[in-house]
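Below is one structure, written out as C-alpha cells; the observations come after it.
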Amino acid sequence: MVMTLSSSYAQQKFKSFKTWNKNVVIAHRGAWKAKGLPENSIAALNEAVRIGCHGAEFDVHMTADSILVVNHDADFLGLPIEKSTYAELKAKQLSNGEYIPTVESYLKAGMKQKNTRLVLEIKPSKAGKGQDLILAAKVVEMVKKLKAEPWVDYISFSYPILKKVKAIEPEAKLAYLAGDVSLEQLKADGFDGADYHYSVYKKGEWFAKAKALGLTINAWTVNDPADMKWLLENKVDFITTNEPELLFALINKR
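Okay, here's the thing in C-alpha cells:
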C-alpha cells in the first residue's frame, strides 16, 4: 500500500515561518566580503543572519566517502572534493580556522534562527548525470533527516538535479540558475522561480510575466549599484550579491 502525505500535513511540514526577513537580499556564499571571512563558512552564514539578509546562499558537493560538504569550487584548497575523503579535506583549514563545513553542520547552524533562509545550491558532479541524481537524493535525505525543510530553498544549474529533488520532495522550493528555460516551462515543471544572471532579465519581459505566472525572480551575482538599482526599480523578488551591505544601503535610501 502506497502512503501519501495529506495536504494538511504537507502544508504544516513546509509552512514558512512568519519571521523571515522581508527584503530582497541574498548573501552569495554568505556575508563574507566586508569582514574578510571565508566564503561558504559558517562564520559567513552567521554574518548574513546578523545583518538581516533574507537568505544566505551556499554550495554543496559530495566527498569520495559520501559526506556532503559546503564549498563553491570542485576543489578545496587544492584537493578535488569528489576524489578526497572528508578526513583528507579536514587536513586543511579555512583562513578563520574553520574546517570545510559539512552540510549537516551548516544546516544545524542555520536552523538556530528563523529569519534568514538557507539557499542550497547543488553543484553538478564532474562524474556525470548519474552521480548528480545520487547527490540530489543525498541532499534531500539530509534536509529531511534534520527537519530543515522550512528553512531550505534549492537551486542548481542542473535541471535534472532539480527535477530529482522535486520528485523526491514535491513541496520543495526550487529555482533554476542557467537562464535557458522559459518561465512557462519552469511553471509547468513545478518550479517556484527563475534565478538567472541579471543580464538575462535585460533581454525581453520577465518581471510582469513572472508575476502573472506566480513565479519569483532572483538575479545573480549583482555587485554593481547601477544593476542593483535597475532590479529594484523593476521590483525583483531577490538579488544575490557579494555586497549585501551595499544593497541594504541602496534599499534604505529608496
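If you're matching positions, the sequence shown starts at 380 in the working numbering and goes up one per residue.
Don't be surprised by glycine CBs; every beta carbon is placed ideally from N, CA and C.
On a predicted model such as this, the values are computed, not experimentally measured, just so you know.
Have a look at residue i and residue j and give me their C-alpha separation to the nearest angstrom.
i, j, result
"Pro-623", "His-433", "10 Å"
"Leu-677", "Leu-562", "Here the chain comprises residues numbered 380 to 633, so residue 677 is not present and cannot be evaluated."
"Val-449", "Val-519", "15 Å"
"Leu-470", "Ser-463", "Inspection of the sequence shows that residue 470 is occupied by Ala rather than by Leu. About 11 Å."
"Gly-558", "Asp-452", "20 Å"
"Val-601", "Val-439", "21 Å"
"Asn-621", "Leu-424", "13 Å"
"Gly-431", "Ala-422", "14 Å"
"Ala-551", "Asn-402", "21 Å"
"Asp-454", "Lys-505", "11 Å"
"Tyr-465", "Ile-446", "7 Å"
"Ala-605", "Ile-547", "40 Å"
"Val-560", "Trp-609", "23 Å"
"Lys-632", "Ser-578", "24 Å"
Mapping the DSSP letters down to three states, classify residue i as helix, strand or coil.
i, result
"Ser-578", "helix"
"Arg-496", "strand"
"Val-518", "helix"
"Asn-597", "strand"
"Val-615", "coil"
"Asp-568", "coil"
"Phe-586", "helix"
"Leu-416", "coil"
"Leu-458", "strand"
So the candidates are the options; which of them puts its Cα closest to the Cα of residue i?
i, options, result
"His-407", "Val-482, Thr-398 and Ser-420", "Ser-420"
"Arg-496", "Ser-535, Pro-459, Glu-418 and Val-404", "Val-404"
"Thr-398", "Trp-530, Thr-619 and Trp-599", "Trp-530"
"Tyr-575", "Asn-602, Ala-598, Ala-427 and Asp-568", "Ala-598"
"Phe-617", "Glu-436, Ala-443, Ile-513 and Ala-591", "Glu-436"
"Gln-472", "Tyr-485, Gly-457 and Glu-483", "Gly-457"
"Lys-517", "Asn-631, Glu-500, Tyr-478 and Met-441", "Met-441"
"Tyr-555", "Lys-590, Leu-499 and Ile-513", "Leu-499"
"Met-490", "Leu-610, Ala-605 and Lys-523", "Lys-523"
Keeping to the same chain, check which residues put their C-beta closer than 7 Å to that of residue i; ignore five residues upstream and five downstream.
i, result
"Leu-553", "Tyr-533, Leu-541, Val-544, Lys-545, Phe-570 and Asp-571"
"Lys-487", "Leu-525"
"Phe-396", "Lys-493 and Pro-529"
"Met-607", "Val-601, Ile-618, Leu-626 and Leu-629"
"Lys-508", "Pro-539"
Considering only residues of the same chain and omitting the five flanking positions on each side of residue i, which have a CB-CB separation below 8 Å?
i, result
"Lys-588", "Leu-562"
"Glu-418", "Arg-408, Gly-409, Trp-411 and His-451"
Near residue i, what residues of its chain come up, given a Cβ to Cβ distance below 6 Å and the 5 sequence neighbours on each side ignored?
i, result
"Ser-537", "Pro-503 and Asp-511"
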